[in-house]
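With numbering that gives the first Met the number 0 applied, the sequence shown covers 0 to 205. Quick reminder that beta carbons are idealized off the backbone N, C-alpha and C, glycines included.
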Amino acid sequence: MISYLRGRLLDWTEDGTVTVDVNGVGFEVGVPTRTLGTICNSSEVELYTYLSVKEDGMSLFGFASKEEMQVFKRIIGVSGVGPKGGLNILSSMTKEQFITAVLSDDDKSISKANGIGKKTAQKIVLELKDKFTMADAFASKSDNSAVLAAVAGPSSDELEAVKQDAILALVSLGYSNSEAMKAVRTIDAEEGMTVDKMLRLALKNI
Numbered sequence: 000m001i002s003y004l005r006g007r008l009l010d011w012t013e014d015g016t017v018t019v020d021v022n023g024v025g026f027e028v029g030v031p032t033r034t035l036g037t038i039c040n041s042s043e044v045e046l047y048t049y050l051s052v053k054e055d056g057m058s059l060f061g062f063a064s065k066e067e068m069q070v071f072k073r074i075i076g077v078s079g080v081g082p083k084g085g086l087n088i089l090s091s092m093t094k095e096q097f098i099t100a101v102l103s104d105d106d107k108s109i110s111k112a113n114g115i116g117k118k119t120a121q122k123i124v125l126e127l128k129d130k131f132t133m134a135d136a137f138a139s140k141s142d143n144s145a146v147l148a149a150v151a152g153p154s155s156d157e158l159e160a161v162k163q164d165a166i167l168a169l170v171s172l173g174y175s176n177s178e179a180m181k182a183v184r185t186i187d188a189e190e191g192m193t194v195d196k197m198l199r200l201a202l203k204n205i
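This is the structure:
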């Protein structure tokens, strides 16, 4: 099993195929076009890889992080979705955007990927919505505590703290301060509500 490559980038194509020279051996690797944009000007690259073995041959796919690779593996674990479809999804959206789309039942965003129709996108959402939490969507984002404090103000109780965490998560996902605050503040929040549930509801208000 080839799980990781580090070497010199020899060649690349616009459709997301790169050739990596590892100690004199050239590996052809399919990568999301988003990843291609970050490595095409690098002299040395490192990729976390997934080896697909089929009757007609083997194909290697590479990702900028272990987390992105794990998301890819979950996508292709959905019946009817192959490696090419998984790459197309992660080329059209970041892993954080994909997880957010799954958790908010946003099959429309997923279906924008090449080769992913509405029914397939709906199937992906149905099969994966219990596999992720909102923490997965913003775990790699930077801490925006200072921004959150300015947006939400000081916390007064447990429920308010949950609201602040939800706002922080939305800002970390790329939503504006005003969008995050409005989405959370319009929720009919109840005592005992978790951050994850609040985020799911807030995403429906954006």
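On a CA-only basis, which of the options is nearest residue i? Give me that one, please.
{"i": "E126", "options": "V101, S110, D20", "result": "V101"}
{"i": "K72", "options": "K117, W11, Y47", "result": "Y47"}
{"i": "M68", "options": "T37, A201, L50", "result": "L50"}
{"i": "K158", "options": "I186, N176, L172, T132", "result": "It should be noted that the sequence gives Leu, not Lys, for residue 158. Measuring from the Cα of L158, the nearest candidate turns out to be I186."}
{"i": "L4", "options": "E45, S103, S175, E190", "result": "E45"}
{"i": "L202", "options": "G114, D164, D104, Q163", "result": "D104"}
{"i": "F26", "options": "Q96, T37, G36, S2", "result": "S2"}
{"i": "L35", "options": "M57, L8, K53", "result": "L8"}
{"i": "E190", "options": "L89, K162, E54, I38", "result": "K162"}
{"i": "A168", "options": "G114, K107, T99, L59", "result": "T99"}
{"i": "T119", "options": "P31, G81, R184, D55", "result": "G81"}
{"i": "I38", "options": "T18, K128, I115", "result": "T18"}
{"i": "P31", "options": "S42, E43, L59", "result": "L59"}
At the level of alpha carbons, what is the spacing between residue i and residue j?
{"i": "S141", "j": "N22", "result": "Bear in mind that the predicted position of S141 carries a pLDDT of just 44, short of 50, making it too unreliable to give a figure here."}
{"i": "D207", "j": "M192", "result": "This structure gives no information on residue 207, because the portion of the chain shown stretches from 0 to 205."}
{"i": "M197", "j": "R33", "result": "30 Å"}
{"i": "D135", "j": "G61", "result": "20 Å"}
{"i": "R199", "j": "V24", "result": "46 Å"}
{"i": "K117", "j": "N40", "result": "35 Å"}
{"i": "I109", "j": "T93", "result": "11 Å"}
{"i": "G84", "j": "I75", "result": "8 Å"}
{"i": "K130", "j": "A165", "result": "19 Å"}
{"i": "S175", "j": "M0", "result": "42 Å"}
{"i": "T12", "j": "S91", "result": "17 Å"}
{"i": "V52", "j": "D10", "result": "23 Å"}
{"i": "G79", "j": "T132", "result": "23 Å"}
{"i": "K128", "j": "D106", "result": "11 Å"}
{"i": "E54", "j": "S42", "result": "34 Å"}
{"i": "L89", "j": "G114", "result": "12 Å"}
{"i": "M57", "j": "R184", "result": "50 Å"}
Is the beta carbon of residue j closer than 8 Å to that of residue i?
{"i": "N87", "j": "A63", "result": "no"}
{"i": "A182", "j": "N204", "result": "yes"}
{"i": "A179", "j": "V170", "result": "yes"}
{"i": "G29", "j": "G15", "result": "yes"}
{"i": "K122", "j": "V77", "result": "yes"}
{"i": "E95", "j": "L172", "result": "yes"}
{"i": "V70", "j": "F97", "result": "yes"}
If you measure from the beta carbon of residue i to each beta carbon in chain C, is any gap under 8 Å?
{"i": "G61", "result": "Considering every chain present, this structure includes no chain C. It has just one protein chain."}
In the DSSP output, which residue or residues are listed as bridge partners for residue i?
{"i": "V30", "result": "Its beta-bridge partners do not exist; DSSP assigns none."}
{"i": "M68", "result": "According to DSSP, which records beta bridges pairwise, M68 is partnered with nothing at all."}
{"i": "K53", "result": "G56"}
{"i": "Y3", "result": "Y47"}
{"i": "G61", "result": "T48"}
{"i": "D10", "result": "T18"}
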